[in-house]
Amino acid sequence: MKLLLLNGPNLNFLGIREKGVYGTEDYGYLVRMMKEKAEREGHELDIYQSNYEGGLIDKIQEAYYNGTEGIIINPGAFTHYSYALRDALSSVEIPKVEVHISNVHKREEFRHTSVTAPVCDGQVLGLGLKGYALAMDYLTGCQL
Ligand code: DQA
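Following my numbering, the numbering of the sequence shown begins with 191 at its first residue and continues without gaps.
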C-alpha cells in the first residue's frame, strides 16, 4: 500500500521536548521505526513533518493526486483548533488515523478537544510511539 505519515508542529523536537510526556526517543527514531516497519511489510511510506499548517495541507492535497491509500497524522497542537487542517482531511476520501503520543485526556483542558478526529476513521492516543505502528496496522488491514 501507498501510505503517508504526517507529523505537525514540534514533533521534530521529540527526544528534546517534555521527555516525561513524549519519551526520550527522537524524531529520527520514529522515522526509522516506521520506515523499517513499512519496508518489512511491503508498503511504501512517505514521511513528512512540518511546523506550518500549510505544509501539512499541501501534503494532504498531494496525497489526493498521487494515489495515497492511507494517512497517519499527528497534527500536534493543530489538533485542537485548525479548521483548515480539518477541512483538508475531510476533502480527501482516503482512510485516516489520528495519533497522539500522549494521553491528551489526562492533560490540560484545551487538549481534550480534537477538531480533526471527527474527520478521521479513528484515533490512537496515549500509547507512545507504538500508536503510530498500530495506526499503520489498522490502515494495512492487519488481523488483530
Ligand atoms: C500531541 C498532543 C498535542 O496536544 C500537542 O500539542 C502535541 C503532541 C501528542 O502527540 O500527544 O504537539 O499531538
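Backbone N, C-alpha and C define an ideal beta-carbon position, used for all residues, glycine too.
From a predicted model like this one, the values you see are computed outputs, not experimental measurements.
When DSSP labels each residue in this structure, what does residue i get in the three-state scheme?
| i | result |
| --- | --- |
| D202 | In the sequence on display, residue 202 carries Asn and not Asp. It is helical. |
| I284 | coil |
| L317 | coil |
Can you tell me where the beta strand (DSSP E) with residue i in it begins and where it stops?
| i | result |
| --- | --- |
| V305 | From DSSP, V305 is part of no beta strand (DSSP E); its letter is neither H nor E. |
| N256 | No beta strand (DSSP E) contains N256, which is instead part of the alpha helix (DSSP H) from 243-256. |
In the DSSP assignment, find the unbroken alpha helix (DSSP H) run with residue i in it and report its ends.
| i | result |
| --- | --- |
| N293 | N293 -> no alpha helix (DSSP H), and no H or E assigned at all. |
| L220 | 217-230 |
| G210 | 209-212 |
| D327 | 320-329 |
Closer than 7 Å: is that where the CB of residue i sits relative to any heavy atom of the ligand DQA?
| i | result |
| --- | --- |
| V294 | yes |
| G213 | no |
| H290 | yes |
| A307 | no |
| A267 | yes |
| R230 | no |
| L201 | yes |
| R276 | no |
Under 8 Å by Cβ, that's how I've got residue i and residue j pegged, so tell me the actual separation to the nearest angstrom.
| i | j | result |
| --- | --- | --- |
| N264 | H302 | 16 Å between Cβ atoms; not a contact. |
| P285 | G244 | P285 to G244, Cβ: 23 Å. No contact. |
Count the other C-beta atoms from every protein chain shown that fall within 10 angstroms of the C-beta of residue i, then say buried if there are 16 or more, exposed otherwise.
| i | result |
| --- | --- |
| E288 | buried |
| R297 | exposed |
| F300 | exposed |
| A267 | exposed |
| K249 | buried |
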